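These notes concern the structure reproduced below.
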Amino acid sequence: MLIKFYFIAILAIFIIFNPIYAQTSLTLPTEKKTLDVKLSYDEIILGAQSKLHIDFINPQTKKIQEHIDYTVTVSKNDKFVFGPIPLTHTAIGSVTIPVEFVDDGVYSVDIGIEGILFQPISKESVSFKMAVGDVESPPTKVPSWIKNIFGWYAQDKISEDELLNAIQFLINQKILIVD
6 MLIKFYFIAI LAIFIIFNPI YAQTSLTLPT EKKTLDVKLS YDEIILGAQS
56 KLHIDFINPQ TKKIQEHIDY TVTVSKNDKF VFGPIPLTHT AIGSVTIPVE
106 FVDDGVYSVD IGIEGILFQP ISKESVSFKM AVGDVESPPT KVPSWIKNIF
156 GWYAQDKISE DELLNAIQFL INQKILIVD
């Protein structure tokens, strides 16, 4: 029982109190969860053109969704750095946009989706925050149910497999990164 306590304590401290910084990839759902949107990028160098990669993912199949109508803006302090672009179509479900980040700071990448497979949909959006340069990354939000899971495990209300499934979820959502 003491080993279980130490395991829970160490894992909980790591997850809850260590926000993840400098992520190069993050996937978030749109407002109505029609699509997942993955934003990824290589190291950002101030004053040089960077490439932001956007993948539109079907949440049921976990594969890239083809034929998406979208808009993209990148802004800092409500001033556009890229875009806004007009409604644009991607046949392959992935796009790469060139952006030059000039200043340190937190940037917002806002993506709107208005069509899937040539069918118009009510606009759905997703917004990512990117820390560029000498600034702390916005912390990744850890789901509130995590505290409950560890408590239930400590009280033997859930199995080790259920705890591991919760940890796997955190890894899949890139909230917990394992090297």
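Taking my numbering, the leading residue of the sequence shown gets 6, the next gets one more, and so forth. We put the beta carbon where it would ideally sit given N, CA and C, even for glycine. Keep in mind the model is a prediction, meaning the values are calculated, not measured.
Does the beta-carbon distance from residue i to residue j come in below 7 Å?
i: leucine 228; j: valine 104; result: Because residue 228 is not part of the residues shown, which for the chain are 6 to 184, the question remains open.
i: tyrosine 112; j: lysine 81; result: yes
i: isoleucine 102; j: valine 77; result: yes
i: lysine 128; j: glycine 110; result: no
Sort the options by Cα distance to residue i and report the nearest one.
i: valine 42; options: Asn82, Gly52, Ser99 and His94; result: Ser99
i: phenylalanine 61; options: Ile154, Ile121, Ile163 and Asn170; result: Ile121
i: asparagine 170; options: Asp161, Ala159, Ile154 and Lys162; result: Ile154
Mapping DSSP to helix, strand and coil, what is residue i?
i: isoleucine 102; result: strand
i: leucine 169; result: helix
i: alanine 136; result: strand
i: lysine 162; result: coil
i: isoleucine 50; result: coil
i: leucine 57; result: strand
i: glycine 156; result: helix
i: leucine 92; result: coil
i: leucine 175; result: helix
i: isoleucine 97; result: coil
Note the first and the last residue of the continuous beta strand (DSSP E) segment covering residue i.
i: valine 79; result: 73-81
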